[in-house]
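Chains as they are written, first to last, in UniProt numbering: chain A, 1 to 255; chain B, 1 to 255.
Positions of the beta carbon are idealized from the N, C-alpha and C atoms, including for glycine.
A quick write-up on the structure given underneath.
There are 2 protein chains.
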Amino acid sequence: MGRRLCFEALAGIPEVRPGDALAPMIVAALAANGSALGHDSIVVVAQKIVSKSEGRFAWLDEIVPSAKAQELADITGKDARLVELTLSESNRVLRAVPGVLIVRHRLGYVMANAGIDMSNVPDEVGRERALLLPLDPDASAAALREALRLATGQAVGVIVSDSFGRPWRNGVVNVALGSAGIPALIDRRGDTDRHGRTLQITQTAFADAVAAGAAVVMGEGDEGMPVVVASGFMPAAPETDCRALVRPIDTDLFQ
Amino acid sequence: MGRRLCFEALAGIPEVRPGDALAPMIVAALAANGSALGHDSIVVVAQKIVSKSEGRFAWLDEIVPSAKAQELADITGKDARLVELTLSESNRVLRAVPGVLIVRHRLGYVMANAGIDMSNVPDEVGRERALLLPLDPDASAAALREALRLATGQAVGVIVSDSFGRPWRNGVVNVALGSAGIPALIDRRGDTDRHGRTLQITQTAFADAVAAGAAVVMGEGDEGMPVVVASGFMPAAPETDCRALVRPIDTDLFQ
């Protein structure tokens, strides 16, 4: 028997505003798409709409850049207020060169600009604003999971995903910032292959793989569909949330 | 209209031996699984069976470690012959600490042990052997694409994939080492969102995203199914092979 996993991007998710509940939007879009959640469904949601629903906006005209932010803005050519926001969301600056500001986000992610987004964020009141990552993406995923369970009766998996650059490869891929109801990291340390040798691959980033695959149909920009339902395959492994995917900086093997 | 992408792992691919042609095995497995290739199919093949079919084995008893290999073996605790093989496949050693040898592969990949695999490689003749990456994974993908086109009449996409560790995240994900017939990298530099702002995400690693999603059903070890067919969605973008995914080391933004 083969194995199947299907990703379906839902058309018809409306623009999300602060305070909007995502679960009813998803349930309505599922119905409009003639689809439904099942026991093995994983709902992959773009970070952007989670942040919007949680009101994670910052108004740039309220931000007074620190001296350090101004210095990094001069180096990178970025808006000093955005740099100040980035610093406020980060523990460490890893790289600052023209056009590039890579930091370690307070939640451990190594990423450009602390994941702060200026593109495609409507600003109805004429003020410039930026969108930060959710305060706690695992908690966001758990809350959406519970809301979907109440609305549909299905205890599905949920992933909050975002696109990340990689150090040695061109192009972004999506990873999982937060999750609930799935084994975000599958740990097979100690397992052996059929010849009795210990497996070389022992930890699999399941949530990141699902987030990456979902992003293919999620798209971005004008054609983006920020909710994708994965269904058909759920590994038998203990549930872990996405904290398990963040490598402690002192165990980083690459530098 | 939503968008759908489905991954199907094919049961019944036999053990691959040097000189075996993969296309007939895939065509037979498709038929046995009641499946078929379509105009938007992408056949994702594990690097391991491509390397086996190309006979990319090295016999450890033929390898005489250099002084540098012996030194790195002492540091890492790895077999000096494997280290010698790793060095022969690499341009640069990025990190050597106990249990870890990260190199820049001759094709530009930054990875552990130059992707050389000792697990799950049967050794009928009683000699220890290791399995190297294909000589040119893009060429392997192109050859498989042509063989599948001749066998089925469908000009499908092909990806040769392997699992990679990441510097700042736990667990492996699959990436694309080689591809043919798809836009491995989608470049949207210059595009704007519906508010007229330039998109922040401008290059998408499509082949890596498909490889990552396929790996969810591909599995590994005893339960592994080394061929996965993705179907339902092919982006409209110019074809590029996987050389486009390797970031030149002098433009690495992270260190």
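Discussion item. Between the alpha carbons of Leu185 of chain B and Val246 of chain B, how many angstroms are there, rounded?
Written reply: Taking the straight line from one Cα to the other gives about 10 Å.
Fill in: Min CB distance Trp59 of chain B to chain A below 8 Å
No, no contact with chain A.
Worksheet entry | Cβ pair Ala28 of chain A, Val228 of chain A closer than 8 Å | At a Cβ-Cβ threshold of 8 Å, Ala28 of chain A and Val228 of chain A do not count as neighbours.
Discussion item. Need the endpoints of the beta strand (DSSP E) that Gly178 of chain A sits in, please.
Written reply: For Gly178 of chain A, the uninterrupted beta strand (DSSP E) run begins and ends at 173-180, by DSSP.
Worksheet item: With distances taken from CA atoms, which of B:Val217, B:Asp117, B:Ala237, B:Gly232 is nearest Glu2 of chain A?
Response: The sequence shown places Gly at residue 2 of chain A, rather than the Glu named in the question. In this structure, B:Val217 is the residue among B:Val217, B:Asp117, B:Ala237, B:Gly232 with its C-alpha nearest to the C-alpha of Gly2 of chain A.
Worksheet item: Which value, in whole angstroms, describes the spacing of the CA atoms of Met234 of chain A and Gly38 of chain A?
Response: Looking at the two C-alpha atoms, the distance is approximately 11 Å.
Discussion item. Between which two residues does the beta strand (DSSP E) holding Ala11 of chain A run?
Written reply: Run containing Ala11 of chain A: none; DSSP gives neither H nor E here.
Worksheet item: Is the number of C-beta pairs between the segment 44-61 of chain B and the segment 9-20 of chain B that are closer than 8 Å three or more?
Response: Taking 8 Å as the limit for Cβ pairs, the verdict is that the segment 9-20 of chain B does touch the segment 44-61 of chain B.
Worksheet entry | Nearest candidate by alpha-carbon position, reference Asp241 of chain A, set A:Pro226, A:Gly213, A:Asp208 | Shortest Cα-Cα distance from Asp241 of chain A to any of A:Pro226, A:Gly213, A:Asp208 involves A:Asp208.
Fill in: Start-to-end residues for the alpha helix (DSSP H) that takes in Phe206 of chain A
Phe206 of chain A -> alpha helix (DSSP H) spans 206-218.
Worksheet item: Just checking, does the segment 68-81 of chain A make contact with the segment 89-106 of chain A on the three C-beta pairs under 8 Å criterion?
Response: At 8 Å Cβ cutoff, the stretches touch.
Practice prompt. For chain B, find out if any of its Cβ atoms is closer than 8 Å to the Cβ of Glu8 of chain A; answer yes or no.
Written response: So, interface residue.
Worksheet item: Taking C-alpha atoms, which residue in A:Ser163, A:Gly221, A:Asp61 lies nearest to Ala214 of chain A?
Response: Ranking A:Ser163, A:Gly221, A:Asp61 by Cα distance to Ala214 of chain A puts A:Ser163 first.
Worksheet item: Quick one: what does DSSP say Ser41 of chain B is sitting in, helix, strand or coil?
Response: In the three-state reduction of the DSSP assignment, Ser41 of chain B falls in the coil class.
Worksheet item: So, are the CB atoms of Gly171 of chain A and Gln203 of chain B less than 8 Å apart?
Response: Here Gly171 of chain A is near Gln203 of chain B, since their CB atoms are less than 8 Å apart.
Worksheet item: chain B partners of Leu245 of chain A, CB-CB under 7 Å?
Response: Leu245 of chain A reaches chain B at Arg169, Asn170, Gly171, counting residues in chain order whose Cβ is nearer than 7 Å.
Item to complete: Compare the C-beta of Leu185 of chain A against all C-beta atoms of chain B and say whether one is closer than 8 Å.
Response: Yes, Leu185 of chain A counts as interfacial toward chain B.
Discussion item. Which residues does DSSP list as the beta-bridge partners of Val103 of chain A?
Written reply: Answer is A:Val93, A:Met111, bridged to Val103 of chain A.
Discussion item. Could you give the first and the last residue of the continuous beta strand (DSSP E) run that contains Leu131 of chain B?
Written reply: According to the DSSP assignment, Leu131 of chain B belongs to the beta strand (DSSP E) that extends over 129-131.
Worksheet entry | Local Cβ density within 10 Å of Asn113 of chain B, reported as buried at 16 or more and exposed below that | When all chains shown are included, Asn113 of chain B counts as buried.
Worksheet item: Between Ala236 of chain A and Ile159 of chain A, which are expected to be in contact by the criterion C-beta below 8 Å, what is the C-beta distance as a whole number of angstroms?
Response: The C-beta distance from Ala236 of chain A to Ile159 of chain A rounds to 18 Å, too long to fall under 8 Å, and the pair is not in contact.
Worksheet item: Distance, Cα to Cα, Asn91 of chain B vs Arg104 of chain B?
Response: Cα to Cα, Asn91 of chain B sits roughly 6 Å from Arg104 of chain B.
Worksheet item: Does the separation of the CB atoms of Val43 of chain B and Leu148 of chain B fall below 8 Å?
Response: Result yes, Cβ atoms of Val43 of chain B and Leu148 of chain B sit closer than 8 Å.
Discussion item. Please report the straight-line C-alpha distance between Thr76 of chain A and Val100 of chain A, rounded to a whole angstrom.
Written reply: Spanning the two alpha carbons is a distance of roughly 6 Å.
Fill in: Per-residue burial, Arg127 of chain A [other beta carbons within 10 Å of its own, 16 or more giving buried]
With fewer than 16 Cβ atoms within 10 Å of its Cβ, Arg127 of chain A is classed as exposed.
Worksheet item: From which residue to which residue does the alpha helix (DSSP H) around Ile75 of chain B run?
Response: Looking at the DSSP string, the run of the alpha helix (DSSP H) that includes Ile75 of chain B is 67-76.
Discussion item. Can you look up Gly19 of chain B in the DSSP assignment and give me helix, strand or coil?
Written reply: Correct three-state label for Gly19 of chain B: coil.
Worksheet item: Below 8 Å between beta carbons: does that hold for Ser161 of chain B and Leu150 of chain B?
Response: No, the pair does not count as a contact, with Cβ atoms beyond the cut-off.
Worksheet item: What are the residues that DSSP puts in a beta bridge with Pro183 of chain B?
Response: B:Thr240, per the DSSP bridge assignment.
Worksheet item: Which of the three DSSP states, helix, strand or coil, is assigned to Arg161 of chain A?
Response: According to the sequence shown, residue 161 of chain A is Ser rather than Arg. Assigned with DSSP and collapsed to three states, Ser161 of chain A falls in strand.
Fill in: Selection of the segment 214-225 of chain A by Cβ proximity to chain B, strictly under 8 Å
Result list: Ala214, Ala215, Val216, Val217, Gly219, Glu220, Gly221, Asp222, Met225.
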